[in-house]
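S.K.: Following the numbering used here, the numbering of the sequence shown begins with 16 at its first residue and continues without gaps.
Glycine residues also receive a C-beta, built at the ideal position from the N, C-alpha and C atoms.
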Amino acid sequence: MRNDRRETKERALIDGGQYGLNESQKLFKGKTNYPDYVRLQQGARVTYLKNDLSDHKICNGTIGIITDIDLEKLEIRVVFSIVGGIVDIGIKRDTVTFFIDGKPSSRCQFPLQNSFALTVHKTLDLTLPEVSLSLDNQIFAAGQTYVALS
16 MRNDRRETKE RALIDGGQYG LNESQKLFKG KTNYPDYVRL QQGARVTYLK NDLSDHKICN
76 GTIGIITDID LEKLEIRVVF SIVGGIVDIG IKRDTVTFFI DGKPSSRCQF PLQNSFALTV
136 HKTLDLTLPE VSLSLDNQIF AAGQTYVALS
């Protein structure tokens with residue numbers, strides 16, 4: 016729930032050494048899909064990043080809107096629009112554990128990502144009322160354009 020990215024204040028401790036956020040992010044990339052930071056505020060659009068809420072029809076890529084932030088419980092209330100209704104659910108921080116150079120490591124973050132823009136992969140099976148597509152040289156396969164348009 017950081018509001019800025021000043022490396023002088025925020026550092027990672029890895030194997031007894033301190034690393035800046037850019038350095039630690041390179042080590043964590045590929046180990047977790049959690050972003051290095053997420054801006055959380057009421058009304059913000061977010062994408063859920065896990066598949067553990069499938070019983071509520073919420074999975075990786077489901078888009079919701081933050082309705083409340085409880086700083087005492089460290090819980091974010093998010094409303095998700097799903098097929099057949101709306102789900103209001105509390106999201107807590109999650110810790111992902113993994114190994115870096117054979118040593119146990121972890122990252123603690125809310126399994127949410129700001130949704131100012133979405134990739135083609137995150138929009139699969141979504142019905143969106145309005146879209147704006149950027150079909151530029153970032154498209155790496157012809158099928159990706161087809162998926163985006165369909």
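Can you tell me which of TYR63, ARG122, ILE81, PHE125 puts its alpha carbon nearest to the alpha carbon of ILE73?
M.R.: Nearest of TYR63, ARG122, ILE81, PHE125 to ILE73, Cα basis: TYR63.
S.K.: If I'm right that SER121 touches THR134 with Cβ under 8 Å, what's the distance once you round it to whole angstroms?
M.R.: Wrong, their Cβ atoms sit about 26 Å apart, outside the cutoff.
S.K.: Would DSSP call PHE155 helix, strand or coil?
M.R.: PHE155 falls in the coil class under three-state DSSP.
S.K.: Pull the bridge partners of PHE119 from the DSSP assignment, please.
M.R.: Note that residue 119 corresponds to Pro in the displayed sequence, not to Phe. PHE114.
S.K.: Can you name the residues that DSSP bridges to GLN166?
M.R.: Because the chain here runs from 16 to 165, residue 166 falls outside it and cannot be looked at.
S.K.: Between which two residues does the beta strand (DSSP E) harbouring PHE95 extend?
M.R.: Counting along the chain, the beta strand (DSSP E) containing PHE95 begins and ends at 90-97.
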